[in-house]
Structure formats: structure tokens, C-alpha cells
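Take a look at the structure below.
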Amino acid sequence: MKSILIAIVIAVTTGLMIWQLWPQADDTQTRQQTAAPSSSTSKLGPPENMRTATWPPPFPERTDERKFVPLLHTGPEISAVQSLAATREGDPRTPPIARSLVTQEMPTAAELADPKAYQQYEARQNARLYAAYVLAADEEIPRLREAIARARDMGIAPEELAKGEEKLRRITAMQGQLLNEHPELQNGTTARSGLK
Numbered sequence: 020m021k022s023i024l025i026a027i028v029i030a031v032t033t034g035l036m037i038w039q040l041w042p043q044a045d046d047t048q049t050r051q052q053t054a055a056p057s058s059s060t061s062k063l064g065p066p067e068n069m070r071t072a073t074w075p076p077p078f079p080e081r082t083d084e085r086k087f088v089p090l091l092h093t094g095p096e097i098s099a100v101q102s103l104a105a106t107r108e109g110d111p112r113t114p115p116i117a118r119s120l121v122t123q124e125m126p127t128a129a130e131l132a133d134p135k136a137y138q139q140y141e142a143r144q145n146a147r148l149y150a151a152y153v154l155a156a157d158e159e160i161p162r163l164r165e166a167i168a169r170a171r172d173m174g175i176a177p178e179e180l181a182k183g184e185e186k187l188r189r190i191t192a193m194q195g196q197l198l199n200e201h202p203e204l205q206n207g208t209t210a211r212s213g214l215k
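First residue of the sequence shown: 20, per the working numbering; consecutive thereafter.
Quick look at the structure:
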């Protein structure tokens, strides 16, 4: 029993040594074949240099030669429970949420019961929305024009300027379309009263 075990250990050790030396012997054989290519080709099989591929593949580089990139420091380690609690509180770096000062008018019970009254409610809501857009465009258009002029003076790339000019064009086009379709929005006071 002991002799069988010793024979197996010797066989495994010999196999490992041959396996470790194999890529070196194969590389020298490949170099010799590429240095002196044979002129005779066999019609029955692949060319000689294709049959001598390196197997097993060469070992990868040693681990001490690999370049390790250190991970960024993410702060002190915290538990999953603490992390979940921190997400509920929010990130202090996020900007505050701007709440609308205008409260939305809710439909009354009578408007909900009567389809015609509900259509009037929807028309009022749409008029408020259109008036809000016209007022916002009145404030945004001069700011955009000033920003485009400043960017042009700074020498910003033409394609970046084109994006800002396209945005300005679309805002003014939509404002013009709303003012044409809803002449009651022409007067700024009417638009402001529609928001109340």
C-alpha cells in the first residue's frame, strides 16, 4: 500500500514538473519552425506550424508584477442599517427642492359630478398652465440672450452656441404660438391673474 502511494506521489510530481517545463520547450520548437519553414506541405492535414500551437498557454504575469490601483476612500465603514438611515435623511450636498408657491385648484364635488363643469375646470387649469409658461418665457428669454452674448464674447465653440440659440428659438416659438392661440394671454396682468 505504501509503495503504491509513493508511486502516485512520484508520478504526480513528475507530471507537474513536465507541465511547468512544457511552455519553454514548446516556445523553442515554435521558434525553430518559424526560422526554417518547411517547403513540403501535407495534403492530409494542416500545415506543420498550425499543429504546434502552444499548449498549455503561457503563465500569466506574476501577481507582484501586476499594477494594483488603490480604491478611492469612501469614508468610514458603516453598517447597512446606518447606510439606510443616512439615505432617508438625504445627501446634504443636494440642492433644496423648490416648491411651487402656486397651489393647484382642485375640482369641486359639483365639477366632478357634471362633465360640462369638469371641462370648464380643465379649461381653467390649461389657461393657468399657458399663462405660467408665457410668464416664465418672459423672464427666461432675456437671460438666455444675455448668456448667449456672453458665451459668444468668451469664444465658446459655435456648436455649443447653436444649442443655446436653438433653445431660445424654441422657447420664443412656443410663447408666440400660445399667444396666437390664446389672445387673452397677451396682457401680462391677465396672465398673472390666471395664475391666482
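All C-beta atoms in this analysis are idealised placements derived from N, C-alpha and C, irrespective of residue type, glycine included.
Cβ neighbour criterion (16 or more within 10 Å) applied to residue i
i: A192; result: exposed
i: Q194; result: buried
i: I23; result: exposed
i: S102; result: exposed
i: L120; result: exposed
i: L131; result: exposed
Beta-carbon proximity of residue i to residue j, cut-off 9 Å
i: I190; j: I160; result: yes
i: Q123; j: Q139; result: no
i: L163; j: R171; result: no
i: A105; j: I97; result: yes
Nearest-angstrom Cβ-Cβ length linking residue i and residue j, presumed shorter than 8 Å
i: Y149; j: H201; result: 6 Å
i: A136; j: A128; result: Not quite, the Cβ-Cβ distance comes to about 10 Å (not below 8 Å), so this is no contact.
Simplified DSSP assignment, three categories, for residue i
i: Q138; result: helix
i: I175; result: coil
i: G183; result: helix
i: E165; result: helix
i: T127; result: coil
i: T113; result: coil
i: T122; result: coil
Proximity to residue i [Cα-Cα], best of the options
i: Q205; options: R112, K182, R188, A146; result: A146
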